Amino acid sequence: MISPYILIIDYGSQLTQLVARRVRDLGFYSEVISFTVVEKHSSINLKSTKLSLIRGIILSGGPNTVGENTSPCLEDSLLRLNVPILGICYGMQILADKLGGTVSYGKNREFGKALIRARGHSKLFRGIQDYTNDEGHGLMEVWMSHGDSVTKLPPGFKLIASSSDCEVAAIGNEEKNFYGLQFHPEASHTKKGSVILERFCKEVCNCEQSWNMKNYASLQIKKIKNEVGSDKVLLGLSGGVDSAVVAKILDEAVGSQLICIFVDTGLLRMNEASDVMSVFSGRLKGIVKKIDASKLFFNALKGITDPEEKRKIVGKLFIEIFEKEACNFGDVKWLAQGTIYPDVVESAGNIGSVAKKIKSHHNVGGLPDRLSLKLLEPLRDLFKDEVRRLGTTLGLEHQLVFRHPFPGPGLSIRILGEVTEERVNLLQHADQILINLLKNTAVDEKDIAQGLTSSVNLGRSWYDSTSQAFVVFLPVKSVGVQGDNRTYQWTIAVRVVETNDFMTANIARLPFTLVENISSEIINKVENINRVVFDISNKPPATIEWE
Ligand code: XMP
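Residue 7 is where the sequence shown starts when you use this note's numbering, and the numbers rise one by one after that.
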């Protein structure tokens with residue numbers, strides 16, 4: 007922990023990380039810990055958590071019902087900190103329950119948008135409203151998602167908002183600075199949600215608004231310097247923004263003690279290996295070394311079709327290569343990785359995490375239980391767009407910072423079924439065609455008029471106007487006709503998405519002529535492909551990668 011902050015306790019809501027995002031975007035540092043961690047330590051004297059720097063606590067929502075045997079309660083240790091508390095949804099219900107109120111099961115269910123009326127002139131809502139009704143009461147559009155509700159207020163609390171379906175939409179004990187919201191201020195549908203969170207953090211908690219990427223960079227550099235001392239650090243460089251930002255931070259923190267290893271797995275984009283080497287060679291004070299390991303990867307993946315198995319194999323090989331290199335260089339004690347927050351969440355790799363594992367992101371899931379190197383993961387708490395802001399703050403070029411992400415397991419998880427050199431070659435070719443067409447086609451006024459993309463993208467390439475684009479090899483053969491001949495060949499799926507944080511994503515709405523050009527150029531130029539399909543699935547329920 008580095009500066010005064012807001013502690014967020016996660017009770018298992020899908021939206022907890024979004025609360026952390028909103029709070030950080032407002033300039034307040036926030037940290038999320040699971041309620042299980044607080045439960046384990048009766049006095050939350052966690053090593054990483056400096057109690058004196060906590061300025062306020064936010065209790066997240068969660069899937070449980072207050073009062074059931076396995077449902078988490080509000081821990082006494084949190085109340086003993088004597089700082090303001092804001093409970094959201096389930097967080098409000100356990101706050102009310104703990105302090106003597108009543109929560110009723112299944113009363114007043116609400117899912118979706120609701121209109122609440124502020125009451126009682128609270129410090130939390132004063133002057134915050136979307137509309138005023140005929141009687142002059144402030145009204146706010148909010149997002150509700152609850153089955154249970156508070157039906158009796160705890161002593162000392164007053165009602166500060168209600169809706170037509172939920173009498174107790176928000177409560178407050180203004181003397182103690184304890185508040186509860188039945189709605190979700192973190193959801194974008196709650197229009198004034200960020201204003202309410204800012205009011206809580208700034209005026210109720212008096213927390214400093216000092217969180218920005220410049221501070222984050224200098225604190226990380228200082229922290230790494232202290233931790234690492236004169237040891238050597240090995241970094242797996244992939245050429246993507248995450249490892250590039252880590253390289254830059256480490257370059258400043260440990261200079262010539264840094265050894266960057268770029269592993270050519272044979273599962274990269276076309277010309278990726280030479281492009282990455284030309285960007286980084288000679289740019290860092292330390293060493294940048296390329297290892298050609300494609301044979302190793304192809305052999306290990308032979309006959310493997312299960313996505314999780316592929317991920318584990320690739321992750322394990324990476325680690326074996328890094329460990330071997332660490333031995334060769336001697337004295338290497340640290341392995342640095344560009345792990346970012348979504349990797350941690352979706353691999354269920356957070357300490358005490360109650361989230362379900364979606365897939366083993368190779369930075370996290372492939373690590374052996376007994377790694378002989380200590381881990382440095384300076385981006386572990388950041389979302390992708392925060393990493394990009396950090397990269398820009400550190401002076402990395404636009405082209406590097408705004409590259410579409412490429413997953414660690416590379417094309418192995420974009421080839422459904424067995425990974426073979428032939429399929430990789432074919433996919434590299436199709437990928438190059440897609441990326442070049444997106445880079446060479448600009449968003450025009452017609453696209454904006456049709457609502458395909460935002461007007462800020464006018465004149466930008468479709469590559470820069472979307473978040474991630476790639477092709478997937480489908481081991482599905484279908485019949486086609488080329489010239490006068492029947493063909494029976496493979497299928498390529500094209501996936502282009504828009505997202506801010508890669509935790510959720512929408513399909514990009516490309517102009518149809520561009521979609522047609524992509525399809526015909528791939529079919530015409532890539533051998534053994536006679537069909538291109540366009541993936542129109544959002545995340546959730548699909549994930550961005552197919553495996
Ligand atoms: P999913 O498929 O989980 O992808 O929706 C979210 C983002 O993460 C990238 N991704 C990975 N990145 N190692 C990485 O470094 C991995 O194992 C990995 N798997 C997925 C994916 O490309 C998308 O940007």
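In this text, a Cβ means the ideal position worked out from N, Cα and C, and glycines have one as well.
Since the model is a prediction, treat every value here as computed from it, not as a measurement.
Asked	Found
ILE202 to LEU225 span [Cα, whole Å]	29 Å
Completely contained alpha helix (DSSP H) runs for the stretch 397-449, where each covers 4 or more residues	404-407 and 427-446
THR311 to TRP552 span [Cα, whole Å]	13 Å
Pairwise C-alpha distance: LEU422 and GLN215	47 Å
Own chain residues within Cβ distance below 7 Å of ASP387, not counting five before or after	TYR347
PHE518 (DSSP reduced to helix, strand or coil)	helix
Cβ shell of ILE134 (< 8 Å), same chain only, five flanking positions each side left out	ALA124, GLY144, MET146, LYS198, VAL201, ILE202 and ARG205
Whether GLN188 touches CYS211 by CB criterion (7 Å)	no
For ALA499, the three-state DSSP class (helix, strand or coil)	strand
Rounded separation between HIS41 and PRO546 - CA only	Looking at the sequence shown, residue 41 is not His but Phe. Taking the straight line joining both Cα atoms gives about 25 Å.
Three-way DSSP call (helix, strand, coil) for GLU551 in this model	coil
First through last residue of the beta strand (DSSP E) which encompasses TYR35	35-40
Cβ contact check for the stretch 388-398 and the stretch 239-255: 3 or more pairs under 8 Å	yes
Sequence-distant residues of its chain with Cβ nearer than 7 Å to SER168 (five each side left out)	ILE122, ARG123, ARG125, VAL174 and ALA175
Simplified DSSP assignment, three categories, for LYS229	helix
PRO415 classed as buried or exposed, judged by whether at least 16 other C-beta atoms fall within 10 angstroms	buried
Cβ shell of GLY486 (< 7 Å), same chain only, five flanking positions each side left out	THR493, GLN495, ASN536 and ARG537
PHE304 CB to nearest heavy atom of the ligand XMP below 6 Å	no
Contact under 7 Å by Cβ, GLY186 with GLY292	no
Beta-carbon proximity list for PHE117, same chain, < 7 Å, skipping 5 on both sides	MET150 and SER151
Euclidean distance between Cα positions of ILE439 and GLU192	39 Å
Beta-carbon contacts of THR472 that lie in its chain and below 6 Å, excluding the five residues immediately before and after	VAL502, GLU504 and ALA514
Beta-carbon proximity check, ILE265 vs PHE335, cutoff 7 Å	yes
Beta-carbon proximity of ILE267 to GLY242, cut-off 7 Å	yes
Assigned exposure category for GLN456 - 16 Cβ within 10 Å defines buried	exposed
CYS4, buried or exposed, once every other Cβ within 10 Å from all chains shown has been counted against 16	Any property of residue 4 remains undetermined from this structure, which presents the chain solely from 7 to 553.
Any non-hydrogen atom of the ligand XMP closer than 6 Å to THR42 Cβ	no
Residue interval of the alpha helix (DSSP H) (run including GLY199)	199-204
Helix, strand or coil at PHE163 according to DSSP, with G and I counted as helix	coil
Secondary structure of SER525, DSSP reduced to three states	helix
Cα-Cα separation, VAL269 to PRO413	13 Å
Run of the beta strand (DSSP E) containing LEU112, from where it starts to where it stops	Note on residue identity: the sequence assigns Gly, not Leu, to residue 112. First-last for GLY112: undefined, no H or E at that position.
Bridge partners - CYS266, DSSP secondary structure assignment	LEU241 and VAL294
Selection from ASP136, ARG30 and VAL393 that minimises the alpha carbon distance to CYS213	ARG30
Identified DSSP bridge partners for ASP337	DSSP output for ASP337 lists no bridge partner at all.
C-alpha gap between GLY68 and ALA279, whole angstroms	45 Å
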